[in-house]
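Okay, so here's the structure we're looking at.
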Amino acid sequence: MNIIEIHVEGGILFMGILFFLLIGVIATSVLVIKNKADQPKAKKWLKISQEIALFALVFGILGQLVGLVGAFQAIEQVGEVSQALLAGGLKVSSYTTLYGFFIFLLAKLFKIGFQFTRK
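Every letter in the sequence shown is one number past the one before it in the numbering used here, and letter 78, counting from 1, is 708.
Dropping the structure here:
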């Protein structure tokens with residue numbers, strides 16, 4: 631399974647927004663590096679990067695909760711479902727949370743690296 635299939639299977643709305651949040655974290659991280667000499671400006675961009683990353687984490691969890699509610703509604707309508715079908719639904723609902731965590735960890739690693747290299 632490639633990354634595009636995961637984006638589609640995880641829900642194009644939530645995964646698409648998370649992708650743009652990833653681009654935002656990368657862009658603000660580049661601005662931190664670009665403005666490294668100007669500490670106040672670099673700190674401002676670093677804070678924005680961290681806020682975007684935190685939003686991505688929470689948004690990923692929201693995506694999972696929305697997916698779970700939809701899955702539980704479908705199970706309620708159908709009645710009994712197999713364990714394999716339930717496990718597959720839980721796996722798919724976890725994609726947004728994993729993506730949000732990935733974005734969050736990437737931004738945190740960048741922050742640690744930036745603080746380690748600065749004077």
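Just so you know, even glycine gets a beta-carbon here, dropped at the ideal spot from N, CA and C.
query                                                                                                       : result
Leu735 burial status per 10 Å Cβ neighbour count (16 or more: buried)                                       : exposed
CB of Met645 within 7 Å of CB of His637, strictly                                                           : yes
Selected residue, minimal CA-CA separation from Phe732, among Ile742, Leu684, Ile663 and Leu698             : Leu684
Continuous alpha helix (DSSP H) assignments of at least 4 residues falling wholly in the segment 675 to 747 : 713 to 747
Straight-line gap, Gly730 to Leu692 (C-alpha atoms, nearest Å)                                              : 10 Å
Per-residue burial, Thr747 [other beta carbons within 10 Å of its own, 16 or more giving buried]            : exposed
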